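> Let me begin by handing over the structure; questions about it come next.
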Amino acid sequence: MKPWPAFILLAALPLSADEGMWLFQQFPKDTVNEKHKFPVTEEFLERLRLASARIGGGSGAFVSPEGLLITNQHLITDCLARVSPEGKDYLKDGFYAPSRDAETPCPGLQASVLVSTEDVTEKVKAASAGANLTPAQALELRTAAIEKIEKECSARTGNPCAVVKLFSGGRYDLYQYKTYNDLRLVFAPEHDLAYFGRERDSITYLRYGLDIAFLRAWKDGQPAATPNFLRWSAEGVKEGDLVFGSGNPQPTLRLATAAQLLFYRDASLPVTIKRLQARIGQLRELALQSLDNRKIVEPVMTEFLALFKVAAAKYIGVRDDRLVARKFNFEGKVRRAVERDPNLGEQAAKVWSEVAAAYKTWAPNERLYQVLESSPAPGSRLFRMARDVVRLAAERGKPEAERLREYRQEGLAAAEKALEETPAIHESLEILLLTQYLEELKALNDKEVPLKAILGGKQPQQAAEAYVKATRLKDPAERKRLSASREAVQKSDDGMIRLALLLDEPARRLRKKREQTIESLETSATEKIAQYRFQLFGHAEYPDANNTPRVCYGLVKSYLDRAGVFMPHASTFGGLYYRKNNEGPYQVPQRWVDLKPALDLVTPLNFVSTCDIGGGDAGSPVVNRAGELVGVTFDGNLESLPGIYLYTDDKARAVHVAVQGIVESLAKVYQAGALL
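Here the sequence shown is numbered in the working numbering, starting from 2 and rising by one per residue.
Structure representation (structure tokens):
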């Protein structure tokens, strides 16, 4: 394929300002040096990568040589609720372990550090290079090749390995991780301070949240040795500073086709949002009934609100006519360039039409797919356990290549480890969540759903109560026993297991249909599109985010919001006290009232930057030119929401907890200066 004409490159290149969720191995060092007069070195990037960690659904960073991690409080609310002993509420009142002996294990939490990457594109693509393969056959062969590469890497290194698809299949990299499975709670502030303003202030700025938490990684009964860690900045940040962020952003859709965006707008996202809204509303009603209910509901509510935030972000972006027009315009330029190329021509350009046709065919199935397969019984821990047991028992006996993706290699080990977890199970909450789900199934009234067998002549609430009261899945030993064989599952009289079995086959059929309709074609088609874009942009373009480590850069920068109001680069402790009214979401703990005279009220508490972030970057470290920690990301502003599809730094901002505010709080309010 010959090079594209220069005028096409200039016209089509979509990047602007300090855009990019960049791979560590593909960071635009020359661009940063040209724009900001700072020579980013490989050593700088390596130190940042090895100090950064993925923690649950978010991020974090090591800040000491003895395993101390900083992350967001909102990422560990479940741990805080679960480890609170009788008579104490660590979520409400906060927690601090002044000694190593007082550090409390957080079951199920894991930290993963990316230690190496390797380009394995040729190995993966060679597996499906045969002639006359259908998209499904090619996908199957690539999947088998990926599994082999991952298995060989894990056997050789003793570490978890994963092949990561980049540029929609245009490139494949092998990632090797070092994991820490023993994480212990060290510090968390009161929830009223961490989540000051609650959902009312979420996705806004100015913010006044101390959304931080400290964990410690332990190994073999001792604090883990972590020589790669970030040192605290003594100066913090000011307007105009260049900063870098390292996190694990959730999937973005910047490389999606226009047809995919229309599918998300018209078919997928409305279903997701409607389902979450219904559940959030009922959970709020339950929480208002008593303080005990509020404590029970808080972790699930936080999870649902986070999911709603992500879905709303996508929806706002895809309903913005200007952004959609930009997507169509850019895609049109690429298609016309492909059509004009004598080595490709009109036949190659038909790939966009094929993707559009596939999504149009699938769209009527999307609601049922979400309800049965991708998000059944949202929030119900008992149903999640039941499905995991049913599927683990069914999948473990199959050949590796025939298993569901999530039960292959390290996925199988993770599923088995999850059996040992002892999460807090609240019967009243489980009944409410399951009732919501059964009502949803009843309203669907789809022939794929064996509704009569599921309800058994009962109303949804009665059926939910029966299922929940007839389960023994709270016991890890029972889950382990059942998951050992398919026969044990089939013979079980456990209520939740019976429900999961009734729904498993229709869910699998729908999953298979989606794979055949969308996923196999999407992989082959988007791989072709990615190759065309590679020819246009090369490594001047970054791949869509996919929950793997990325690095971004930007400036600490004030802005005018949508209403034209000036937003300063930082908020202060003085602003926190001015904002509080001791009502609803704007309350501060009593110790913050008592210790106000000890604080320097002009100290920055939060700040904003133009760093290009997404969901999953929560908890990620922000460093200065010296590689010193200057902040911890915890949110974005309202104007950042369309960034899932297209980036702009005009008004979009990432929101961070400032290191100055962290130091001031730990030293003067919590007497936890030993953490610094």
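All residues carry an ideal CB built from backbone N, CA and C; glycine is no exception. The structure displayed is predicted, hence computed values, not measured ones.
Quick one: what does DSSP say residue 570 is sitting in, helix, strand or coil?
Residue state, collapsed to three classes: coil.
> Taking buried to mean at least 16 other C-beta atoms within 10 Å of its own C-beta, is residue 265 buried or exposed?
Result: buried.
> Give the single residue among 387, 429, 461 whose Cα lies nearest to the Cα of residue 482.
Closest option to residue 482, Cα to Cα, is 387.
> Which two residues bound the contiguous beta strand (DSSP E) that contains residue 293?
Note, residue 293: premise wrong, no beta strand (DSSP E); alpha helix (DSSP H) at 292 to 319.
> Could you tell me which of 359, 576, 518, 608 sits nearest to residue 556, measuring between CA atoms?
Among 359, 576, 518, 608, the Cα nearest to that of residue 556 belongs to 608.
> Rounded to the nearest angstrom, what separates residue 457 and residue 477 at their Cα positions?
If you take the alpha carbons of residue 457 and residue 477, they lie about 28 angstroms apart.
> Taking three-plus beta-carbon pairs below 8 angstroms as touching, is the stretch 650 to 660 in contact with the stretch 207 to 222?
Counting Cβ pairs under 8 angstroms, three or more are found: they touch.
> Are residue 490 and residue 395 close, meaning C-beta to C-beta below 9 angstroms?
Yes, they are a contact pair.
> Let's test the definition: count the other Cβ atoms within 10 Å of the Cβ of residue 356 and tell me whether it reaches 16, buried, or not, exposed.
Classification for residue 356: buried.
> Which runs of the alpha helix (DSSP H) fall wholly inside the stretch 424 to 470 and span at least 4 residues, in chain order?
Entirely contained in the stretch 424 to 470, the alpha helix (DSSP H) runs reaching 4 residues are, in chain order, 428 to 445, 452 to 456, 461 to 470.
> Can you check DSSP and say which residues form a bridge with residue 610?
DSSP output for residue 610 lists 557, 655 as bridge partner(s).
> Tell me the rounded alpha-carbon separation between residue 570 and residue 346.
Taking the straight line from one Cα to the other gives about 49 angstroms.
> Kindly give me the distance between the Cβ atoms of residue 425 and residue 83, rounded to whole angstroms, as I take these residues to be in contact under 8 angstroms.
Residue 425 to residue 83, Cβ: 5 angstroms. Contact.
> I'd like the list of long-range same chain contacts for residue 109, defined as Cβ closer than 6 angstroms, with 5 residues on each side in sequence excluded.
Cβ neighbours of residue 109 beyond the five flanking positions: 422.
> Name the DSSP beta bridge partners of residue 186, please?
Per DSSP, 105, 216.
> Grab the span of the alpha helix (DSSP H) containing residue 91 for me, first residue to last.
Per DSSP, residue 91 belongs to the alpha helix (DSSP H) from 91 to 94.
> Give a yes or no on whether the C-beta atoms belonging to residue 468 and residue 511 are separated by under 9 angstroms.
No, these two residues do not count as a Cβ contact at 9 angstroms.
> For residue 140, which of 554, 665, 586, 521 has the nearest alpha-carbon?
Checking every option, the nearest Cα to that of residue 140 belongs to 521.
> Only counting runs of 4 or more residues, tell me where the alpha helix (DSSP H) segments fall wholly within the stretch 584 to 642, in order along the chain.
Within the stretch 584 to 642, the complete alpha helix (DSSP H) runs of at least 4 residues are 591 to 595.
> Look at the alpha carbon of residue 172 and the alpha carbon of residue 198, and state the distance between them as a whole number of angstroms.
Using only the alpha carbons, I get a separation of about 42 angstroms.
> Where DSSP assigns a beta bridge to residue 70, which residues make up the other side?
For residue 70, which the question treats as bridged, DSSP gives the partners 63, 216.
> Out of 579, 515, 132, 663, state which residue places its alpha-carbon closest to the alpha-carbon of residue 373.
The candidate whose alpha carbon is nearest that of residue 373 is 515.
> Quick check: the Cα distance between residue 30 and residue 24, rounded to an integer number of angstroms?
The alpha-carbon atoms of residue 30 and residue 24 are separated by roughly 12 angstroms.
> Who pairs with residue 180 in a beta bridge, going by DSSP?
DSSP, once it has assigned bridges, lists 113 as partnering residue 180.
> Any idea if residue 1 is buried or exposed, counting beta-carbon neighbours within 10 angstroms, 16 or more meaning buried?
Outside the shown range of the chain, which is 2 to 677, sits residue 1, and nothing can be said about it.
> Quick one: grab the DSSP three-state call for residue 173.
Residue 173 falls in the strand class under three-state DSSP.
> Using a Cβ-Cβ cut-off of 6 angstroms (strictly less than) and excluding sequence neighbours within five positions of residue 393, which residues of its own chain qualify?
Once the five neighbours on either side are set aside, the close Cβ partners of residue 393 are 416, 484.
> Using only the alpha-carbon positions, how far apart do residue 407 and residue 308 sit?
Computed Cα separation, rounded: 21 angstroms.
> Of the residues 403, 216, 338, which one's Cα is nearest the Cα of residue 106?
The shortest C-alpha separation from residue 106 is found at 216.
> Between which two residues does the beta strand (DSSP E) containing residue 245 stretch?
Where residue 245 is concerned, the enclosing beta strand (DSSP E) stretches over 243 to 248.
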